[in-house]
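So the structure is just underneath, and the comments pick up after that.
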Amino acid sequence: MCSNQDGELLLAETAASAGATSERAQALLEVLRRVVPFDAAWIALADPFRSSYSSLASADLDDRVVDLLRDGDRPACGLVAACGPAAFVGGLPGL
Numbered sequence: 002m003c004s005n006q007d008g009e010l011l012l013a014e015t016a017a018s019a020g021a022t023s024e025r026a027q028a029l030l031e032v033l034r035r036v037v038p039f040d041a042a043w044i045a046l047a048d049p050f051r052s053s054y055s056s057l058a059s060a061d062l063d064d065r066v067v068d069l070l071r072d073g074d075r076p077a078c079g080l081v082a083a084c085g086p087a088a089f090v091g092g093l094p095g096l
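First residue of the sequence shown? That's 2 in my numbering, and the numbers climb one at a time after it.
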């Protein structure tokens, strides 16, 4: 695990690096895991004007969960709110 200051700098450098948004998002998850260990994660880009989102990257999620999260017309806020380890998967519709 990195120190907070080192981790913050590494996250900022990764976010500001060259590359496609999805590549930087995947790199952010790899860096973030060193700063804040997690079992699984997902990053999406919200479009507030259309009330939708675009899935950018994920780490260690079951394929069924990733498929469900990729449905950009579904509101993501309810999914984020239920992010406890067991509650998250059990709280997703269709799983």
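For each residue, glycine too, the CB sits at the ideal point set by N, CA and C. Here the structure is a predicted model, which is why all the values come from computation and not from measurement.
When secondary structure is reduced to three states using DSSP, leucine 10 falls in the helix class. Residue Val32 holds the alpha-carbon nearest to the alpha-carbon of serine 59 among Val32, Glu14, Ser18, Leu10. Where aspartate 64 is concerned, the enclosing alpha helix (DSSP H) starts and stops at 64-70. At a Cβ-Cβ threshold of 7 Å, alanine 41 and aspartate 61 count as neighbours. Judged by DSSP secondary structure, alanine 60 falls within the beta strand (DSSP E) whose first and last residues are 53-60. Residue state for alanine 16 is assigned as helix, using DSSP reduced to three classes. The alpha-carbon of arginine 25 is positioned some 23 Å away from that of serine 52.
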